[in-house]
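For the numbering used here, count along the sequence shown from 1 and bump the result up by 724.
C-beta atoms are modelled at their ideal positions from N, C-alpha and C, and glycine is treated no differently.
All figures in this text were calculated on a predicted structure; none of them were measured in a lab.
Right, one structure below, let's go through it.
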Amino acid sequence: MYTINMRTRQKSYPLFLGRGILQNAGPVISRYLLPRPALVVSDKNVADHYAEKCLHSLRRAGFKPYLEVLNGGEKEKSLAAASTLYERALKTGMDRQSVFVALGGGVIGDLTGFAAATYLRGVPFIQVPTTLLAMVDSSIGGKVAVNHLLGKNLIGAFYQPSLVFGDVATLHTLPERELNAGLAEVIKYGIIWDANLFARLEHLSKGVAVKNKLIETGSRQLLPLILRSILIKGKVVYLDEKEKNLRRILNFGHTFGHALETASRYEYYLHGEAVACGMAMAVRLAEMLHILDRVSKQRIINLVARLNLPFPPVNLSINTVMEALFYDKKKEGEELVFVLPSRIGKVFMCKSPPANIVEKVIGEYLQGDLLHN
Ligand SMILES: NC(=O)c1ccc[n+]([C@@H]2O[C@H](COP(=O)([O-])OP(=O)(O)OC[C@H]3O[C@@H](n4cnc5c(N)ncnc54)[C@H](O)[C@@H]3O)[C@@H](O)[C@H]2O)c1
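Next comes the structure, spelled out in structure tokens:
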């Protein structure tokens, strides 16, 4: 089991990562938090596989766990779902000494973290990520949020967990499509920070015989990739916890990606898929602005294309995607901000690129020219 000390200005907390370690979660957590009532929040898919193991290990360590199982899915990241959690916590008499535990993917993590940040003005919470995306991204860094009708993650806080506990063995039950969505974020770290990581992913993808697969679900190669991703995210968050500057590079692919998600009402893409499409669009934009060379652009597109992404939805128009772009919370005043690569491993902020070029990129994507030709 790896232990990483995640440092932020707000607080430092340990992150544990290993294979087959879920049954030890309780005893490990009890080294950092005295046993107490715990609201374990999960969704149906995850709870079926892992809730009992998690509850048992918490009980074994002296905690008093209560399980709340939600339907899950992006629509669950809502104030209504947060309210369900407050109610359960109140009815079970949870006070400020209690702890919330998020057992699941990014949806459960973001929602539970948001509820923990606001319940009784803040109770400690623990992230137990069970998707690749949550392990490498959403469980670390302290961004917690729920969605609003007008856009994703618009109601939220910066609220660091007390501990993160990731068991890669849980990824064995993760559907292939979800794994690919998580790999999109791993590719992202390669593009924004680490050209070696990117090259490693390219190399791995060549070794996988099955067409359109980037890596096998049970591959032993996954753990080091997850570890590297966590270290990159941890470093960026340490340097800029509140996203004043550097942390914005983590939004690479997200400006277009969030617009695709919003325009398709969160019903078509998985979050990581939308980010992957957004990364392909961003590199095409960078190429059209003569910021990125054609060879690097093609290497990125080729790797992203291995994620087996869905075809662009037929009912989306350039206008609806443009409209959604303008609700982006990363906008500065009226200026749209894109994170664009100048080479693999290095990105910068690009403010207000010409609208006609942005529209052209969206058009190419929607016609299937970018990723599906
Ligand atoms: N807070 C952040 O910094 C941050 C960063 C990136 C993404 N996010 C958010 O994360 C969310 C997406 O997270 P996600 O991709 O993990 O989605 P998710 O939480 O919806 O999980 C994906 C699906 O996989 C299922 N699942 C989870 N773990 C499983 C397992 N081990 N075995 C079988 N099924 C399993 C879930 O039930 C769900 O159906 C989005 O809401 C996004 O906005 C937040």
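Please find out if some non-hydrogen atom of ligand 1 comes closer than 7 Å to the beta-carbon of residue i.
| i | result |
| --- | --- |
| ILE832 | yes |
| ALA905 | yes |
| GLY828 | yes |
| LYS912 | no |
| ASN877 | yes |
| THR732 | no |
| ALA858 | yes |
| ASN769 | yes |
| SER862 | yes |
| HIS773 | yes |
| GLU702 | Residue 702 cannot be examined here, being either before or after the span of the chain that is shown, 725 to 1097. |
| GLU798 | yes |
| GLY865 | yes |
| LEU970 | no |
| GLY742 | no |
| LEU994 | yes |
| LYS1070 | no |
| LEU947 | no |
| LYS801 | yes |
| LEU898 | yes |
| LEU1033 | no |
| THR842 | no |
| THR836 | no |
Look at the alpha carbon of residue i and the alpha carbon of residue j, and state the distance between them as a whole number of angstroms.
| i | j | result |
| --- | --- | --- |
| GLU991 | GLU985 | 8 Å |
| ALA785 | PRO751 | 5 Å |
| LEU794 | SER953 | 29 Å |
| ASP861 | ALA1079 | 30 Å |
| SER736 | GLY1087 | 44 Å |
| ALA839 | LYS930 | 43 Å |
| SER1066 | MET1005 | 14 Å |
| ASP819 | ALA762 | 10 Å |
| TYR790 | VAL825 | 10 Å |
| LEU741 | ILE1081 | 43 Å |
| MET1012 | SER766 | 44 Å |
| LEU1040 | LEU874 | 17 Å |
| CYS680 | LEU1064 | Shown here, the chain extends from 725 to 1097; a query on residue 680 therefore has no answer. |
| ASN1026 | GLU900 | 19 Å |
| HIS1014 | SER822 | 54 Å |
| PRO1037 | ARG989 | 11 Å |
| GLU902 | GLY996 | 8 Å |
| LEU1090 | ILE1042 | 8 Å |
| LEU1033 | LEU809 | 34 Å |
| VAL1019 | THR1044 | 31 Å |
| ARG783 | GLY865 | 28 Å |
| GLY837 | ALA806 | 10 Å |
| MET1046 | LEU994 | 20 Å |
Between the beta-carbon of residue i and the beta-carbon of residue j, is there less than 8 Å?
| i | j | result |
| --- | --- | --- |
| LEU947 | ARG743 | yes |
| VAL999 | HIS978 | yes |
| VAL888 | LEU758 | no |
| ALA869 | ASP834 | yes |
| VAL1061 | ILE973 | no |
| LYS912 | ARG1030 | no |
| THR842 | THR894 | no |
| THR732 | GLU967 | no |
| LEU856 | LEU898 | yes |
| LEU796 | ILE832 | Before going on, a small fix: residue 796 reads as Gly here, not Leu. Yes, Cβ-Cβ distance for GLY796 and ILE832 is below 8 Å. |
| PHE976 | MET1003 | yes |
| ILE950 | VAL1028 | no |
| PRO1077 | LEU1016 | no |
| GLY880 | ALA858 | no |
| LEU928 | ILE916 | no |
Verify the CB distance criterion: does residue i have a CB-CB separation below 8 Å to chain B?
| i | result |
| --- | --- |
| PRO1037 | No chain B appears in this structure, which consists of one protein chain only. |
Okay, do the segment 809-821 and the segment 772-780 touch, 3+ Cβ pairs below 8 Å being the bar?
no
Per the contact definition of three or more C-beta pairs closer than 8 Å, is the segment 846-854 in contact with the segment 876-896?
yes
Tell me, please, whether the segment 754-769 touches the segment 900-920 by the rule of three or more beta-carbon pairs shorter than 8 Å.
no
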